[in-house]
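**Student:**
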Amino acid sequence: MTAERQRADRVLVERGLFESRARAVAAIRAGLVTA
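Going left to right, the sequence shown walks through residues 1 to 35 as this note's numbering numbers them.
As C-alpha coordinates, this is what we get:
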(Lines of atoms letter the chains of each structure in order from A; the text may use other names.)
(Lines give C-alpha, C1' and ligand atoms only; values in the text may rest on other atoms or scores of the structure.)
Protein backbone atom coordinates (compact mmCIF):
# COMPACT_ATOMS: atom_id res chain seq x y z
CA MET A 1 0.00 0.00 0.00
CA THR A 2 1.78 3.13 -1.23
CA ALA A 3 0.48 6.64 -0.67
CA GLU A 4 0.41 9.02 -3.60
CA ARG A 5 3.18 11.61 -3.29
CA GLN A 6 2.21 15.27 -3.25
CA ARG A 7 4.28 18.43 -3.40
CA ALA A 8 4.50 20.06 0.01
CA ASP A 9 4.07 23.56 -1.41
CA ARG A 10 0.83 22.60 -3.15
CA VAL A 11 -0.55 20.93 -0.03
CA LEU A 12 0.17 24.04 2.03
CA VAL A 13 -1.70 26.22 -0.48
CA GLU A 14 -4.62 23.76 -0.77
CA ARG A 15 -5.00 23.76 3.02
CA GLY A 16 -5.08 27.55 3.04
CA LEU A 17 -1.86 28.02 4.99
CA PHE A 18 -0.29 30.16 2.25
CA GLU A 19 -1.87 32.25 -0.49
CA SER A 20 0.60 31.17 -3.19
CA ARG A 21 3.01 28.38 -3.99
CA ALA A 22 5.84 30.90 -4.14
CA ARG A 23 5.25 31.91 -0.53
CA ALA A 24 4.93 28.27 0.52
CA VAL A 25 8.23 27.43 -1.19
CA ALA A 26 9.91 30.41 0.48
CA ALA A 27 8.69 29.25 3.90
CA ILE A 28 9.90 25.70 3.25
CA ARG A 29 13.34 26.94 2.17
CA ALA A 30 13.54 29.21 5.22
CA GLY A 31 12.92 26.23 7.48
CA LEU A 32 9.56 27.52 8.73
CA VAL A 33 7.67 24.38 7.69
CA THR A 34 8.20 20.98 9.32
CA ALA A 35 6.43 17.67 8.91
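Heads up, the beta-carbon is just placed ideally off N, CA and C, and yes, glycines get one too.
Since this is a predicted model, take the numbers as computed values, not measurements.
Would you identify the three-state DSSP class for Ala30, choosing helix, strand or coil?
**Tutor:** Reading the sequence shown from its first residue, position 30 is the one you call residue 30. Three-state DSSP puts Ala30 in coil, outside helix and strand.
**Student:** Alpha carbon to alpha carbon, how far is Arg29 from Arg15?
**Tutor:** On the sequence shown, position 29 is the one that residue 29 refers to. On the sequence shown, position 15 is the one that residue 15 refers to. If you take the alpha carbons of Arg29 and Arg15, they lie about 19 Å apart.
**Student:** For Val13, which residues in the same chain have their Cβ closer than 6 Å to its Cβ, ignoring the five residues on either side in sequence?
**Tutor:** By 1-based counting over the sequence shown, the position of residue 13 is 13. Cβ neighbours of Val13 beyond the five flanking positions: Arg21, Ala24.
**Student:** Which of the three DSSP states, helix, strand or coil, is assigned to Glu14?
**Tutor:** The residue you call residue 14 lines up with position 14 of the sequence shown. Looking at Glu14 - three-state DSSP - the assignment turns out to be helix.
**Student:** Roughly how many angstroms lie between the CA atoms of Val11 and Thr2, to the nearest whole one?
**Tutor:** Taking the first residue of the sequence shown as 1, we reach residue 11 at position 11. Taking the first residue of the sequence shown as 1, we reach residue 2 at position 2. Rounded to the nearest angstrom, the two C-alpha atoms are 18 Å apart.
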